[in-house]
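A.B. asks: In UniProt numbering, the protein residues as written are 1 to 304. Below: one structure in structure tokens.
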Amino acid sequence: MGELETSEKEMVVSQIGVGGFAPYVTAKMLVDFFKDNIGLVWRCRLKTSSTPPESYPNFNIDTAAIRGTIEYQKVKPHAFIHFAIPDSAKSALDATKHGELILGNQPLIISVGPENPYTMSQRRRDVDPYRLSNSDVKLEVGILASQDMFFVGWKGSNSEADFVVDPFNRSCTFLFSKDTAFSLKGTNKNAIIRCNFKIEFLVRDINVIRQYRDMSSLIIVLQLDSSPSLFYRTADDDIAESVPFDLLDDEDPWIRTTDFTSSGAIGRCNTYRISIPPRHGLRLKKAMDFLSQQRVWIEAPTST
Numbered sequence: 001m002g003e004l005e006t007s008e009k010e011m012v013v014s015q016i017g018v019g020g021f022a023p024y025v026t027a028k029m030l031v032d033f034f035k036d037n038i039g040l041v042w043r044c045r046l047k048t049s050s051t052p053p054e055s056y057p058n059f060n061i062d063t064a065a066i067r068g069t070i071e072y073q074k075v076k077p078h079a080f081i082h083f084a085i086p087d088s089a090k091s092a093l094d095a096t097k098h099g100e101l102i103l104g105n106q107p108l109i110i111s112v113g114p115e116n117p118y119t120m121s122q123r124r125r126d127v128d129p130y131r132l133s134n135s136d137v138k139l140e141v142g143i144l145a146s147q148d149m150f151f152v153g154w155k156g157s158n159s160e161a162d163f164v165v166d167p168f169n170r171s172c173t174f175l176f177s178k179d180t181a182f183s184l185k186g187t188n189k190n191a192i193i194r195c196n197f198k199i200e201f202l203v204r205d206i207n208v209i210r211q212y213r214d215m216s217s218l219i220i221v222l223q224l225d226s227s228p229s230l231f232y233r234t235a236d237d238d239i240a241e242s243v244p245f246d247l248l249d250d251e252d253p254w255i256r257t258t259d260f261t262s263s264g265a266i267g268r269c270n271t272y273r274i275s276i277p278p279r280h281g282l283r284l285k286k287a288m289d290f291l292s293q294q295r296v297w298i299e300a301p302t303s304t
């Protein structure tokens with residue numbers, strides 16, 4: 001128990017890429033297999049989705065209006081494994097080199113760190129990101145016409161998002177998911193795929209943050225000096241987790257993209273309004289304290 005608590009506190013998570021298994025294998029099967037043969041697994045993301053070949057995301061299509069979707073050739077099954085113990089990643093790599101990891105009569109292929117074809121390995125420090133999560137956070141993008149007048153240009157998917165302030169790389173991120181249409185070359189049909197989206201900017205790109213309260217939420221209004229970076233990745237995946245706390249991001253790579261709002265709001269607007277339930281006030285304060293330490297101008301909250 002003490003070892004697990006230490007690992008949770010330090011947030012040092014070793015990841016591996018896994019391939020070579022049969023299409024019928026599930027994330028739960030991989031978690032059980034590695035738990036029995038290597039060590040405790042915190043999370044497994046088994047990729048069951050991918051960007052269709054010769055396709056591009058079409059953000060102008062209303063996915064709710066599409067009645068059918070085209071089938072497409074998907075990539076070979078592969079997965080991303082988070083181990084609880086850092087040494088487990090090396091143990092898995094050593095075991096596969098000796099032919100000791102066999103699942104369903106098929107030898108597994110393990111990649112770690114620079115050998116990982118999906119991304120570069122990243123070891124963390126003992127500083128956790130400040131994360132305000134999904135169903136509790138509402139995101140809007142628009143223009144602040146005056147101190148009390150905010151024009152909304154776009155709302156996040158179902159008005160819900162994660163807001164992450166990360167001291168490790170001094171960045172801020174909005175994360176959310178939505179169904180996305182992909183137009184395939186040579187056809188007028190589309191594939192509808194669930195995707196993760198990421199809006200990311202550096203702390204130094206924040207011009208000012210204003211804080212206030214309304215009847216039910218804590219509000220922060222954040223203005224940027226420049227446009228953020230935008231990314232997506234497919235997310236119709238099989239995920240198995242064994243811990244209740246937040247983990248570092250999977251090594252599933254993000255794809256740089258253009259403005260994914262049909263109105264072009266992210267390109268035209270520089271202001272982000274985030275609504276957060278009061279019960280997350282302490283976590284928000286810690287995030288704001290960090291931003292203040294980074295010399296971000298934060299206007300004191302006022303009563304409304």
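Where a beta carbon is used, it is the ideal one built from N, C-alpha and C, also for glycine.
1) Kindly indicate the opening and closing residues of the alpha helix (DSSP H) around I38.
2) What number of angstroms, rounded off, separates the C-alpha of L93 from the C-alpha of P228?
3) Tell me the rounded alpha-carbon separation between G156 and H280.
4) Terminal residues of the continuous beta strand (DSSP E) containing T173?
5) In whole angstroms, give me the CA-to-CA distance for L175 and S91.
6) For K189, which three-state DSSP category applies?
7) For the structure I just gave you, are there three or more beta carbon pairs, one from the stretch 130-143 and one from the stretch 262-278, closer than 8 Å?
8) Output needed for V296: all residues of its chain with C-beta closer than 7 Å, excluding positions within five of it in sequence on either side, in chain order.
9) At 3 residues or longer, what runs of the beta strand (DSSP E) sit wholly inside the UniProt domain "RRM" (14-115)?
10) Using only the alpha-carbon positions, how far apart do M149 and R273 sit?
11) Starting from R233, trace the beta strand (DSSP E) both ways and give me its first and last residue.
12) Let me check understanding here. Comparing Cα to Cα, which of Q211, L230, M215 lies closest to V221?
13) Using 8 Å as the Cβ pair cut-off and three pairs as the minimum, do the stretch 239-248 and the stretch 179-196 touch?
14) Please classify E115: is it buried, with 16 or more other beta-carbons within 10 angstroms of its beta-carbon, or exposed?
15) In angstroms with no decimal places, state the Cα-to-Cα distance between R213 and I219.
16) Do you know how far the Cα of L103 is from the Cα of residue 307?
17) Considering Cα atoms alone, identify which of P107, A84, L132 is closest to P278.
18) Quick one: residues in its chain with C-beta nearer than 8 Å to the C-beta of D236, no 5 flanking neighbours on either side, listed in chain order?
19) Please state if the CB of L224 and the CB of F201 are separated by a distance shorter than 8 Å.
20) Whose C-beta lies closer than 7 Å to the C-beta of S14 among residues of the same chain, with five residues either side of it excluded?
21) Beta-carbon within less than 7 Å of Q73's beta-carbon, same chain only, minus the 5 sequence neighbours each way: which residues are those?
22) To test your reading of the DSSP string, which unbroken beta strand (DSSP E) runs of 3 or more residues are found completely within the stretch 218-292?
23) Where does R123 land, buried or exposed, given buried means 16+ other C-beta within 10 angstroms?
24) Could you confirm whether any beta carbon from chain B is found closer than 8 Å to the beta carbon of D166?
C.D. replies: The answer reads as follows:
1) Counting from one through the sequence shown, the residue named residue 38 turns up at place 38. It is not in any alpha helix (DSSP H) - I38 carries neither H nor E in the DSSP assignment.
2) Counting from 1 along the sequence shown, the entry for residue 93 is found at position 93. Counting from 1 along the sequence shown, the entry for residue 228 is found at position 228. The straight-line gap from Cα to Cα measures roughly 37 Å.
3) Within the sequence shown, numbered from 1, the residue matching residue 156 stands at position 156. Within the sequence shown, numbered from 1, the residue matching residue 280 stands at position 280. Going from the Cα of G156 to the Cα of H280 covers about 20 Å.
4) Here residue 173 is taken as the residue at index 173 of the sequence shown, counted from 1. First-last of the beta strand (DSSP E) with T173: 171-184.
5) On the sequence shown, residue 175 is found 175 positions in, with the first residue counted as 1. On the sequence shown, residue 91 is found 91 positions in, with the first residue counted as 1. Going from the Cα of L175 to the Cα of S91 covers about 33 Å.
6) The residue labelled residue 189 in the question sits at position 189 within the sequence shown. Looking at K189 - three-state DSSP - the assignment turns out to be coil, as it is neither helix nor strand.
7) Contact annotation: the stretch 130-143 touches the stretch 262-278, with at least three C-beta pairs closer than 8 Å.
8) Here residue 296 refers to the residue found at position 296 of the sequence shown. If we look at V296 and ignore the five residues flanking it on each side, its Cβ neighbours are V203, I206, I209.
9) Qualifying beta strand (DSSP E) stretches, in chain order: 14-19, 41-47, 55-57, 78-83, 109-111.
10) Along the sequence shown, one-based indexing puts residue 149 at 149. Along the sequence shown, one-based indexing puts residue 273 at 273. One C-alpha to the other measures close to 12 Å.
11) As a working mapping, residue 233 is identified with position 233 in the sequence shown. Per DSSP, R233 belongs to the beta strand (DSSP E) from 229-234.
12) The count along the sequence shown starts at 1 and reaches residue 221 at position 221. Distance from the Cα of V221 is smallest, within the candidate group Q211, L230, M215, for Q211.
13) Contact fails: fewer than three Cβ-Cβ distances are below 8 Å.
14) As a working note, residue 115 is residue 115 in the sequence shown. Caution is warranted here: a pLDDT of 48 is assigned to E115, below 50, making its placement in the model unreliable, and no coordinate value can be reported.
15) Counting from one through the sequence shown, the residue named residue 213 turns up at place 213. Counting from one through the sequence shown, the residue named residue 219 turns up at place 219. Cα to Cα, the separation comes out at about 6 Å.
16) No statement about residue 307 is possible, as the shown extent of the chain runs from 1 to 304 and does not include it.
17) Looking up residue 278 in the sequence shown gives position 278. Looking at the Cα atoms, L132 is the closest of the given residues.
18) As a working mapping, residue 236 is identified with position 236 in the sequence shown. Taking C-beta separations shorter than 8 Å and ignoring five residues to either side along the sequence, the partners of D236 in its chain run T48, S49, I193, R194, following chain order.
19) Residue mapping note: residue 201 aligns to position 201 of the sequence shown, counting from 1. Residue mapping note: residue 224 aligns to position 224 of the sequence shown, counting from 1. Yes; because the gap between Cβ atoms is below 8 Å, this pair is in contact.
20) As a first step, residue 14 is located in the sequence shown; it is residue number 14 there, counting from the start. Cβ within range, chain order: F83, P86, S88, A89.
21) In the sequence shown, the residue the question calls residue 73 occupies position 73. When the five nearest sequence neighbours on each side are left out, the beta carbons in the same chain lying within less than 7 Å of the beta carbon of Q73 are those of P53, in order along the chain.
22) Within the stretch 218-292, the complete beta strand (DSSP E) runs of at least 3 residues are 218-224, 229-234, 238-241, 271-276.
23) To locate residue 123, count along the sequence shown from 1; it is residue 123. Confidence is the limiting factor: at R123 the pLDDT is only 49, short of 50, which leaves the residue's position unreliable and the question unanswerable from this model.
24) Although the question refers to chain B, the structure presented lacks it and comprises just one protein chain.
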